[in-house]
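Asker: Residue numbers (the working numbering): 2 to 413.
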C-alpha cells in the first residue's frame, strides 16, 4: 500500500503539489516566526552580554510605579556612587545615565520620525566600554557625541559632522567624535549616542542623577560575593544584580516587549494553516471521488477497507511531510525577509547568524503533517466505503446502452 501511495503521488504530481502548497504557506509562517524571534532573542542576548563587558555587579533603581505596562524608573542619586565605591571588594565603579532625546539634521528635520526611540547614554571608562569604534573615538569632552553606525550610514553622517540633540533642554549642536558598533552589531534596535555623563544629565535637566552603577570586583572576590556586600551596604534602596543577571533581565524585558509581534505572526500562520486545511479537504474529497473505481478494483482484488484507508492516509502523510519540509525551508527565507520589512519602517533590529532551533523543526513538521492528516481523514474514510461492484459499473453501463440501441433498430 505504501508503494501504491507513492505511485499515486507521482501520477498526480501537479495536484499533489497544489495540495501541498497550502501546507507550505502555513508551515513557512510558523517556522519563519520562530526563526525570526529566536534569532532576535539570540542577538539581544549577545548584545547585552557585550554591554555587561567587565561588569561584575549592577546597581539599578527600583521601579517606583507598578502597572500592566511597567512603571516609572526613579533615578539613583549620584551620591550613591561614593557609597558603592566604599564597599570592600569593589575595585572600580562607574555611574551611568541615559535619557530619550530627539535628534535633528542641519535642516532641523527630526531624524527617525515615528521609528525606534533615540537614546543618549553616558560614556564609559575603557574597562566598561562595550563599544567598537568604527571611526574616530569616544566622546570624552563636552560638546562631543558618538553615533551608532546604522544611523550614521542611513543619514550620511561622518566623524566631525554636527548633529542637533534635544531632550527636556533645547536642542544643542554636538560634534560627532566617533561612529560605533556594539560588538559587531551596527544597530541595537534604537538610534544610540554616547556623551559625557554631565552632558546627558544636562540634556535631561536632571543634574546629579544616575540610572545605573556598574562595578568590577577585586581579585579573589566573586560577583556573587560582591553582590551580597553591596546589597548589605545600600539596603533595599536599589536593585543589585550580577552582570550576568542584569544581562538576562534586560534580554527578558526585550523579549516580553516583542512578544506581541510573535503572537501576531503566529495568529496569521494559524489562519493560513486553517485555510490550507479546507483546501486540502476539498482537494482530497474530489480526488477520492474521481478514484472510486481504482479503490473498487483494489477491493475486488482482495484489499480490505483498512488497507484502502491506510493507502490514502499514507498518501496524505507523504504530502504533509514533504510540504512541511518545504515550509520549514521557506521559513528560513521568510525570517530575514521579516527583518528587512521592519527595517523598511525604520525598525532596525540587531541580528546574528540565523537560529534554527530543534523546536522549530519539530513544530513545523507536526503542524504540517497533523493539519494534512486531519483534513484528509474524512475523504480517506469515504474511500473505504466504495464497494467492489463500483469497478464494473462504469464498464457495463455503456455496453448495455449500445445493445439496447441495436435492439431498438432491429425492432423498428
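Glycine included, each C-beta is placed from N, C-alpha and C at the ideal position. Keep in mind the model is a prediction, meaning the values are calculated, not measured.
Compute the distance between the beta-carbons of residue 26 and residue 336, then report whether it is under 8 angstroms.
Answerer: Numbered from its first residue, the chain shown carries residue 26 at position 25. Numbered from its first residue, the chain shown carries residue 336 at position 335. No, Cβ-Cβ distance for residue 26 and residue 336 is not below 8 angstroms.
Asker: Please tell me whether residue 122 and residue 112 are closer than 8 angstroms, where the distance is taken between their beta carbons.
Answerer: Within the chain shown, numbered from 1, the residue matching residue 122 stands at position 121. Within the chain shown, numbered from 1, the residue matching residue 112 stands at position 111. No. Outside cutoff.
Asker: DSSP state of residue 105, grouped into three classes?
Answerer: Here the question's residue 105 lines up with position 104 in the chain shown. Strand, per DSSP.
Asker: How should residue 216 be labelled, buried or exposed, when 16 other C-beta atoms within 10 angstroms of its C-beta is the threshold for buried?
Answerer: Taking the chain shown and counting its residues from 1, one reaches residue 216 at position 215. It counts as buried.
Asker: Name the two residues that bound the continuous alpha helix (DSSP H) containing residue 202.
Answerer: In the chain shown, residue 202 corresponds to position 201, counting from 1. That run of the alpha helix (DSSP H) goes 198-205.
Asker: If residue 329 and residue 32 are in contact, beta carbons under 8 angstroms, what's the gap, nearest whole angstrom?
Answerer: Here the question's residue 329 lines up with position 328 in the chain shown. Here the question's residue 32 lines up with position 31 in the chain shown. Rounded, the Cβ-Cβ distance is 5 angstroms, consistent with contact.
Asker: Taking all protein chains shown into account, do 16 or more other C-beta atoms lie within 10 angstroms of the C-beta of residue 338, making it buried, or fewer, making it exposed?
Answerer: Locating residue 338 in the chain shown gives position 337, counting from the first residue. Exposed is the call here.
Asker: What whole-angstrom Cβ distance do residue 278 and residue 321 have, given they're in contact under 8 angstroms?
Answerer: Here residue 278 is taken as the residue at index 277 of the chain shown, counted from 1. Here residue 321 is taken as the residue at index 320 of the chain shown, counted from 1. About 11 angstroms; that fails the 8 angstroms criterion.
Asker: Would you kindly check if the distance between the Cβ of residue 177 and the Cβ of residue 351 is under 8 angstroms?
Answerer: Start at 1 with the first residue of the chain shown, and residue 351 comes out as number 350. Start at 1 with the first residue of the chain shown, and residue 177 comes out as number 176. Not in contact: residue 351 and residue 177 (Cβ atoms no closer than 8 angstroms).
Asker: Below 8 angstroms on the Cβ atoms is my contact criterion, and I expect residue 146 with residue 119 to pass it. Report the Cβ-Cβ distance as a whole number of Å.
Answerer: The residue given as residue 146 occupies position 145 in the chain shown. The residue given as residue 119 occupies position 118 in the chain shown. The pair is not a contact, with the Cβ atoms about 11 angstroms apart (cut-off 8 angstroms).
Asker: Starting from residue 164 and walking both ways along the beta strand (DSSP E), at which residues does that stretch end?
Answerer: Within the chain shown, numbered from 1, the residue matching residue 164 stands at position 163. Run containing residue 164: 163-167, per the beta strand (DSSP E) assignment.
Asker: Are any of the Cβ atoms in chain D nearer than 8 angstroms to that of residue 144?
Answerer: The structure shown has no chain D; it contains just one protein chain.
Asker: So, using beta-carbon positions, are residue 136 and residue 179 closer together than 8 angstroms?
Answerer: One-based indexing of the chain shown puts residue 136 at position 135. One-based indexing of the chain shown puts residue 179 at position 178. Yes, they are a contact pair.
Asker: For residue 145, report the span of its beta strand (DSSP E) as first-last.
Answerer: By one-based count along the chain shown, residue 145 stands at place 144. Taken as a continuous stretch (DSSP letters only), the beta strand (DSSP E) holding residue 145 covers 145-149.
Asker: I need the DSSP call for residue 56, collapsed to helix, strand or coil.
Answerer: As a first step, residue 56 must be located in the chain shown, where it is residue number 55. Correct three-state label for residue 56: coil.
Asker: Decide if residue 242 is buried, meaning its Cβ has at least 16 other Cβ atoms within 10 Å, or exposed.
Answerer: Within the chain shown, the letter at position 241 stands for residue 242. It is buried - the Cβ of residue 242 has at least 16 other Cβ atoms within 10 Å.
Asker: Please state whether DSSP places residue 377 in a helix, a strand or coil.
Answerer: To locate residue 377, count along the chain shown from 1; it is residue 376. Three-state result, residue 377: helix.
Asker: Pull the bridge partners of residue 182 from the DSSP assignment, please.
Answerer: Within the chain shown, numbered from 1, the residue matching residue 182 stands at position 181. Looking at the DSSP assignment, residue 182 forms a beta bridge with 133.
Asker: Give the range of the beta strand (DSSP E) segment to which residue 216 is assigned.
Answerer: By one-based count along the chain shown, residue 216 stands at place 215. Unbroken beta strand (DSSP E) run through residue 216: 213-218.
Asker: DSSP three-state call for residue 89: helix, strand or coil?
Answerer: On the chain shown, residue 89 is found 88 positions in, with the first residue counted as 1. DSSP places residue 89 in coil when its eight states are reduced to three.
Asker: Could you tell me the distance, in whole angstroms, from the CA atom of residue 181 to the CA atom of residue 98?
Answerer: As a first step, residue 181 must be located in the chain shown, where it is residue number 180. As a first step, residue 98 must be located in the chain shown, where it is residue number 97. Approximately 18 angstroms between the Cα atoms of the pair.
Asker: How many angstroms separate the CA atom of residue 377 from the CA atom of residue 317?
Answerer: The residue labelled residue 377 in the question sits at position 376 within the chain shown. The residue labelled residue 317 in the question sits at position 316 within the chain shown. About 6 angstroms.
Asker: Between which two residues does the alpha helix (DSSP H) holding residue 255 run?
Answerer: The residue you call residue 255 lines up with position 254 of the chain shown. 244-258 is the extent of the alpha helix (DSSP H) around residue 255.
Asker: Identify which residue in 196, 187, 86 has its Cα closest to the Cα of residue 349.
Answerer: Position 348 of the chain shown holds residue 349. Per the Cα distances, 187.
Asker: Alpha carbon to alpha carbon, how far is residue 367 from residue 324? Give it in angstroms, no decimals.
Answerer: Numbered from its first residue, the chain shown carries residue 324 at position 323. Numbered from its first residue, the chain shown carries residue 367 at position 366. Between residue 324 and residue 367, the C-alpha separation is close to 11 angstroms.
Asker: Judging by CA-CA distance, which residue of 375, 47, 110, 128 is the nearest neighbour of residue 285?
Answerer: Here the question's residue 285 lines up with position 284 in the chain shown. Nearest of 375, 47, 110, 128 to residue 285, Cα basis: 375.
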